[in-house]
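As structure tokens, the structure follows; a few thoughts come after it.
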Amino acid sequence: DAGVIQSPRHEVTEMGQEVTLRCKPISGHDYLFWYRQTMMRGLELLIYFNNNVPIDDSGMPEDRFSAKMPNASFSTLKIQPSEPRDSAVYFCASSFGALYGYTFGSGTRLTVV
Amino acid sequence: QQQVKQSPQSLIVQKGGISIINCAYENTAFDYFPWYQQFPGKGPALLIAIRPDVSEKKEGRFTISFNKSAKQFSLHIMDSQPGDSATYFCAASSGSARQLTFGSGTQLTVLP
Numbered sequence: 001d002a003g004v005i006q007s008p009r010h011e012v013t014e015m016g017q018e019v020t021l022r023c024k025p026i027s028g029h030d031y032l033f034w035y036r037q038t039m040m041r042g043l044e045l046l047i048y049f050n051n052n053v054p055i056d057d058s059g060m061p062e063d064r065f066s067a068k069m070p071n072a073s074f075s076t077l078k079i080q081p082s083e084p085r086d087s088a089v090y091f092c093a094s095s096f097g098a099l100y101g102y103t104f105g106s107g108t109r110l111t112v113v
Numbered sequence: 114q115q116q117v118k119q120s121p122q123s124l125i126v127q128k129g130g131i132s133i134i135n136c137a138y139e140n141t142a143f144d145y146f147p148w149y150q151q152f153p154g155k156g157p158a159l160l161i162a163i164r165p166d167v168s169e170k171k172e173g174r175f176t177i178s179f180n181k182s183a184k185q186f187s188l189h190i191m192d193s194q195p196g197d198s199a200t201y202f203c204a205a206s207s208g209s210a211r212q213l214t215f216g217s218g219t220q221l222t223v224l225p
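Taken in order, these protein sequences are the chains called Z and E.
Here the numbering used here is used: the first residue of the first sequence is 1, the next is one more, and so on.
Here the numbering used here is used: the first residue of the second sequence is 114, the next is one more, and so on.
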């Protein structure tokens, strides 16, 4: 198994541009989570899905952030328009059921200049 | 109530020593307590986890101690090795979806 795959690994964009982060969860996993990691705030849960349905998006910081999961093997996190304070490492994680630990991807390091 | 407080922020240990990282929580609904290990440029990886019906869980050199009455749990790394140098996160979850609330992390350095 290739694990959770995120792309791109690094993204540098200018303020105001749209950014799309991508995630392929482990096949068979029915939960998908998006986290953001910064030095100041640590690991923050942004949103999670169960069987492709968004369950809790209360961690999404603003309306500029949106996430979709069109099928069991793909999810996107979009920021439009991006701002410098969005600079962080964004992690996707998936799990099988609610009783087991997550498997994280390697993350996307986003820099907004 | 959703916070998990972790200490220390950083820890330096000699090779062969014992590394101890502590976490405390407030939410009594938490019922799953994992520890994650993160190397630079990588995502966190599950290291070991415990549920509140036991007071200790050991896997190799890694042990979780859990004190339900004090709402505290800790990670002990025995015979610490330079390869253990990483950032360690405690976490806690509750509810049907197990969404994790993470501590702030401890950067462990094991000197050769």
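Where is the CB? At the ideal position from N, CA and C, for every residue including glycine.
Please identify the residue among the options whose C-alpha is closest to the C-alpha of residue i.
i	options	result
W148(E)	A137(E), G208(E), A142(E), G130(E)	A137(E)
P121(E)	Y201(E), T141(E), T214(E)	Y201(E)
S207(E)	F91(Z), G101(Z), A93(Z)	G101(Z)
S131(Z)	S66(Z), T38(Z), G16(Z)	Nothing about residue 131(Z) can be reported from this structure: the residues present for chain Z run from 1 to 113 only.
N50(Z)	G42(Z), E83(Z), S75(Z), M60(Z)	S75(Z)
F33(Z)	P81(Z), A72(Z), T111(Z)	A72(Z)
I163(E)	L188(E), S193(E), L124(E), T214(E)	L188(E)
Q185(E)	G196(E), L160(E), D192(E), C203(E)	C203(E)
L159(E)	L213(E), P225(E), L224(E)	L213(E)
V4(Z)	Y48(Z), V19(Z), I26(Z)	I26(Z)
E83(Z)	V113(Z), A2(Z), K24(Z), G42(Z)	V113(Z)
T141(E)	Q116(E), P225(E), G196(E)	Q116(E)
G16(Z)	Y90(Z), K24(Z), R64(Z), F91(Z)	R64(Z)
E146(E)	P225(E), G173(E), A205(E)	Just to set this straight, residue 146(E) is Phe in the shown sequence, not Glu. For the residues P225(E), G173(E), A205(E), the minimum Cα distance to F146(E) belongs to A205(E).
When burial is assigned at 16 or more other CB atoms within 10 Å of the CB, is residue i buried or exposed?
i	result
T108(Z)	buried
T21(Z)	This sequence places Leu at residue 21(Z); Thr is not what is there. By the neighbour-count rule (16 or more Cβ atoms within 10 Å), L21(Z) is buried.
R211(E)	buried
G156(E)	buried
M40(Z)	exposed
G216(E)	buried
L110(Z)	buried
M69(Z)	buried
L46(Z)	buried
I190(E)	buried
R85(Z)	exposed
A2(Z)	exposed
So, using beta-carbon positions, are residue i and residue j closer together than 8 Å?
i	j	result
D30(Z)	G105(Z)	no
G28(Z)	E44(Z)	no
T222(E)	Q119(E)	no
S198(E)	K128(E)	no
S66(Z)	K78(Z)	yes
P81(Z)	E18(Z)	yes
I161(E)	F175(E)	yes
Taking 7 Å as the line, does the beta carbon of residue i fall inside it for any heavy atom of the ligand SAH?
i	result
G3(Z)	No copy of the ligand SAH appears in this structure; indeed no ligand is present at all.
So which residues of chain C does residue i contact, with C-beta pairs closer than 8 Å?
i	result
Y90(Z)	Among the protein chains in the structure shown, which are Z and E, there is no chain C.
Members of the segment 158 to 175 of chain E that neighbour chain Z once the beta carbon cut-off is set at 8 Å: The segment 158 to 175 of chain E vs chain Z, Cβ under 8 Å: A158, L159, A162.
contact_flag[the segment 122 to 133 of chain E, the segment 149 to 156 of chain E] where n(CB pairs < 8 Å) is 3 or more: no
Inter-stretch contact at 8 Å, needing at least 3 Cβ pairs: the segment 6 to 20 of chain Z / the segment 55 to 62 of chain Z: Result no; under three Cβ-Cβ pairs closer than 8 Å.
Cβ-based contacts, 9 Å cut-off: residues of the segment 68 to 81 of chain Z near chain E: Those would be none; no residue qualifies.
Positions along the segment 185 to 202 of chain E whose CB lies within less than 9 Å of some CB in chain Z: Listed in sequence order: F202.
Validate contact between the segment 161 to 169 of chain E and the segment 177 to 188 of chain E using beta carbons, cut 8 Å, 3 pairs: yes
Interface residues of the segment 20 to 31 of chain Z facing chain E [CB-CB below 8 Å]: Y31
The segment 130 to 155 of chain E: positions lying closer than 9 Å to chain Z by Cβ: The segment 130 to 155 of chain E vs chain Z, Cβ under 9 Å: Y145, P147, Y149, Q151, G154, K155.
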